[in-house]
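A quick write-up on the structure given underneath.
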Amino acid sequence: MHFLKLATFFLPSAASWSTDVHNQIGFMAEQFLEPHTISVVQHILEPQYNGSIGRAAAWADGYAHTDEGRFSYQWHWIDSHDFPPQRCDLDYNRDCAKGGCVVSAIENQTSILRGCIADVKAGSLANGANLTCSYALKWVSHFLGDINQPLHASGRAAGGNFFRVKFGNASTELHAVWDHYLPYTAAAATHPFSNQTIAPFFEGLVSRIRKDLFWEAPYMWLACSDPSTPVECATRWARESNKWTCDYVYSRVNATSDLAEDGYAAGGVPIVELQISKAALRLATWLNKLVGEENQKQVDQIEL
Ligand SMILES: *[C@@H]1O[C@H](CO)[C@@H](O)[C@H](O)[C@H]1NC(C)=O
Ligand SMILES: *[C@@H]1O[C@H](CO)[C@@H](O)[C@H](O)[C@H]1NC(C)=O
Ligand SMILES: *[C@@H]1O[C@H](CO)[C@@H](O)[C@H](O)[C@H]1NC(C)=O
Ligand SMILES: *[C@@H]1O[C@H](CO)[C@@H](O)[C@H](O)[C@H]1NC(C)=O
Ligand SMILES: *[C@@H]1O[C@H](CO)[C@@H](O)[C@H](O)[C@H]1NC(C)=O
Ligand SMILES: *[C@@H]1O[C@H](CO)[C@@H](O)[C@H](O)[C@H]1NC(C)=O
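Numbering (mature numbering (1 follows the signal peptide of the UniProt record, and there is no 0)), first residue to last: -18 to -1, 1 to 286.
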């Protein structure tokens, strides 16, 4: 198979789903936004994103690497006290580090965003004029991606960042395999994905979601998707990611073979497709419900 050659063409260096994969998760989510959500999003995001959470979804990685944004660096993951493949476990109270983790960050930014949506409805926020609000939306769009990356919810070897492996003759880390080598393998990609529009591979995932063509039905991904219980839902998503590290991610823990060629990549592709698709649908649902919550509140107030 030709598709594994790409690995050496470009070497992303980000520490999460690579930035272009984040963009694509956002573009996928856009396909599921309700019209009302789209118009609210347009008011919250800074103008350079042109109302697109796909364009905005990668910002958080760059920001985490600036002096100003360093405090948010650890919000991209939760290092659980696990030891996959033998022991998988994730406990929010025990594992969320002081200073925050992806679960607490989802809670925090969701709650900020709720206020921002109310401001848009009240007419006091437009054109991305409030940076706290634009950041909150960009963080939520990013973290709902990260939390579905199995190695963003596992503490062993710092999420596999210190676990050396070989992939397509490249010497790399297990973390990088899940951030970008597997998505690129799944898409047979030879270039990074667009940061402006949805790429055909991700469009394909959107239509698989619509046609219910995953081995786990999309409605099940939304069993917990209520932004009024952010810690409960984000912890569930993180546990699900963590479980993959025992069920598959560390399955070649003792092997020295090339993961692109020993069957590992082929087995990983459906998992990475599933997790990316979950991330997109969960993000869209989260935003739709947040905007809907506010509508409901206004209706309640009118009724009072
Ligand atoms: C901005 O978005 C609008 C509507 O979604 C679209 O018609 C327009 O082409 C976009 N502009 C740019 C520069 O992408
Ligand atoms: C919540 O986010 C704001 C920035 O948007 C940050 O200043 C604050 O420290 C965060 N709080 C927690 C508990 O993470
Ligand atoms: C921006 O939004 C945040 C969150 O809703 C709010 O606390 C803050 O007062 C707003 N800033 C301005 C200048 O309106
Ligand atoms: C890895 O290198 C070997 C030997 O040069 C080559 O035969 C093989 O095709 C390479 N594999 C990939 C995935 O590039
Ligand atoms: C989008 O991709 C282009 C082409 O790869 C790149 O030059 C540009 O810096 C990217 N924009 C952002 C905001 O990452
Ligand atoms: C890896 O090797 C260790 C030590 O020999 C063994 O306990 C463990 O079960 C092996 N794990 C797998 C997944 O084969």
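Even for Gly, the Cβ is constructed at its ideal location relative to N, Cα and C.
>> For the beta strand (DSSP E) containing ARG96, name the first residue and the last one.
In response: Locating residue 96 in the sequence shown gives position 114, where the first residue counts as 1. The continuous stretches of beta strand (DSSP E) do not include ARG96, which lies in the alpha helix (DSSP H) extending over residues 84 to 103.
> Once you ignore the five residues that flank HIS(-17) on each side, which residues in its own chain have a CB closer than 6 Å to its CB?
Replying inline: The sequence position of residue -17 within the sequence shown is 2, counting from 1. Note that HIS(-17) scores a pLDDT of 30, beneath 50, so its modelled location is shaky; the value from the coordinates is reported in the next line. Cβ neighbours of HIS(-17) beyond the five flanking positions: none.
> How about HIS47 and LEU107: do their beta carbons lie closer than 8 Å?
Replying inline: Taking the first residue of the sequence shown as position 1, residue 47 is located at position 65. Taking the first residue of the sequence shown as position 1, residue 107 is located at position 125. Not a contact, by the Cβ cut-off of 8 Å.
> Distance, Cα to Cα, VAL147 vs THR238?
Replying inline: Within the sequence shown, the letter at position 165 stands for residue 147. Within the sequence shown, the letter at position 256 stands for residue 238. Just so you know, the alpha carbons of VAL147 and THR238 end up roughly 7 Å apart.
>> Run through the DSSP bridge pairs and tell me what ALA152 is partnered with.
In response: Here residue 152 corresponds to residue number 170 of the sequence shown, with the count starting at 1. For ALA152, which the question treats as bridged, DSSP gives the partners PHE149.
>> Among LEU126, ALA152, MET10, LYS80, whose alpha-carbon lies nearest the alpha-carbon of ALA42?
In response: The count along the sequence shown starts at 1 and reaches residue 42 at position 60. Nearest Cα to ALA42 within the set LEU126, ALA152, MET10, LYS80: LEU126.
> When you compare each of LEU119, ASN143, ARG52 to SER34 by their alpha carbons, which one comes out closest?
Replying inline: Within the sequence shown, residue 34 is the residue found at index 52, counting from 1. When C-alpha distances from SER34 are compared across LEU119, ASN143, ARG52, the shortest belongs to LEU119.
> So is GLY150 buried or exposed if we call it buried at 16+ other beta carbons inside 10 Å?
Replying inline: Taking the first residue of the sequence shown as position 1, residue 150 is located at position 168. It counts as buried.
> Is it the case that the CB of ASN177 approaches a heavy atom of ligand 5 more closely than 7 Å?
Replying inline: One-based indexing of the sequence shown puts residue 177 at position 195. Short note on ASN177: C-beta closer than 7 Å to some heavy atom of ligand 5.
> Counting only runs that start and end within the region 127 to 192, where is the beta strand (DSSP E) found for 3 or more residues in a row?
Replying inline: As far as the region 127 to 192 is concerned, its whole beta strand (DSSP E) runs of at least 3 residues are 146 to 149, 152 to 155.
> Taking contact to mean at least 3 C-beta pairs separated by less than 8 Å, is the region 244 to 251 in contact with the region 174 to 186?
Replying inline: No: fewer than three Cβ pairs fall under 8 Å.
> What is the DSSP secondary structure of PHE196, counted as helix, strand or coil?
Replying inline: Residue numbering aside, residue 196 sits at position 214 when the sequence shown is read from its first letter. In the structure shown, PHE196 falls within a coil segment according to DSSP collapsed to helix, strand and coil.
> How is PHE14 classed by DSSP in three states: helix, strand or coil?
Replying inline: Residue numbering aside, residue 14 sits at position 32 when the sequence shown is read from its first letter. Three-state result, PHE14: coil.
> Which residue from CYS215, ALA262, GLY110 puts its Cα closest to that of ARG192?
Replying inline: The residue you call residue 192 lines up with position 210 of the sequence shown. Selection CYS215, ALA262, GLY110 evaluated against ARG192 yields ALA262 as nearest (Cα-Cα).
> Per DSSP, ARG69 is paired with what?
Replying inline: For the purposes of this step, residue 69 is taken as residue 87 along the sequence shown, with counting starting at 1. Answer is PHE65, bridged to ARG69.
> Once you ignore the five residues that flank ILE88 on each side, which residues in its own chain have a CB closer than 6 Å to its CB?
Replying inline: As a first step, residue 88 is located in the sequence shown; it is residue number 106 there, counting from the start. Within the same chain, Cβ atoms closer than 6 Å to the Cβ of ILE88 are found at PHE125, PRO212, ALA216, the five residues on either side in sequence being excluded.
> Ordered along the chain, which non-local residues of its own chain (more than five positions away) have a Cβ less than 8 Å from that of ASP2?
Replying inline: In the sequence shown, residue 2 corresponds to position 20, counting from 1. These residues qualify, in order along the chain: PRO(-7), ALA40, PRO174, PHE175, SER176, ASN177.
>> With three or more C-beta pairs closer than 8 Å as the rule, is the region 61 to 71 touching the region 150 to 160?
In response: Counting C-beta pairs closer than 8 Å gives fewer than three between the region 150 to 160 and the region 61 to 71, which falls short of the contact rule.
> Helix, strand or coil: which one does DSSP assign to ASP77?
Replying inline: Residue mapping note: residue 77 aligns to position 95 of the sequence shown, counting from 1. Correct three-state label for ASP77: helix.
> Helix, strand or coil: how does DSSP classify ASP240 here?
Replying inline: On the sequence shown, residue 240 is found 258 positions in, with the first residue counted as 1. Looking at ASP240 - three-state DSSP - the assignment turns out to be strand.
>> When you compare the CB positions of residue 295 and GLY141, do they come within less than 8 Å of one another, or not?
In response: Residue 295 lies beyond the residue range present for the chain, which begins at -18 and ends at 286; the question has no answer from this structure.
> How many angstroms separate the CA atom of ARG138 from the CA atom of GLN131?
Replying inline: For the purposes of this step, residue 138 is identified with residue 156 of the sequence shown, where counting begins at 1. For the purposes of this step, residue 131 is identified with residue 149 of the sequence shown, where counting begins at 1. When rounded, the distance between both Cα atoms is 14 Å.
> Whose CA, out of ALA181, PHE9, HIS134, lies closest to the CA of PRO156?
Replying inline: As a position in the sequence shown, residue 156 is number 174, starting the count at 1. Note on residue identity: the sequence assigns Leu, not Pro, to residue 156. By alpha-carbon distance to LEU156, the top candidate from ALA181, PHE9, HIS134 is HIS134.
> Using the beta-carbon count (16 or more within 10 Å), is PHE144 buried or exposed?
Replying inline: As a working mapping, residue 144 is identified with position 162 in the sequence shown. Its Cβ having fewer than 16 others within 10 Å, PHE144 is exposed.
> Out of PHE14, GLU16, GLU243, LYS271, which has the shortest C-alpha to C-alpha gap to LEU164?
Replying inline: Counting from one through the sequence shown, the residue named residue 164 turns up at place 182. Ranking PHE14, GLU16, GLU243, LYS271 by CA distance to the CA of LEU164 puts GLU243 first.
> To the nearest angstrom, how far is it from the Cα of THR267 to the Cα of SER207?
Replying inline: Indexing the sequence shown from 1 puts residue 267 at position 285. Indexing the sequence shown from 1 puts residue 207 at position 225. Spanning the two alpha carbons is a distance of roughly 7 Å.
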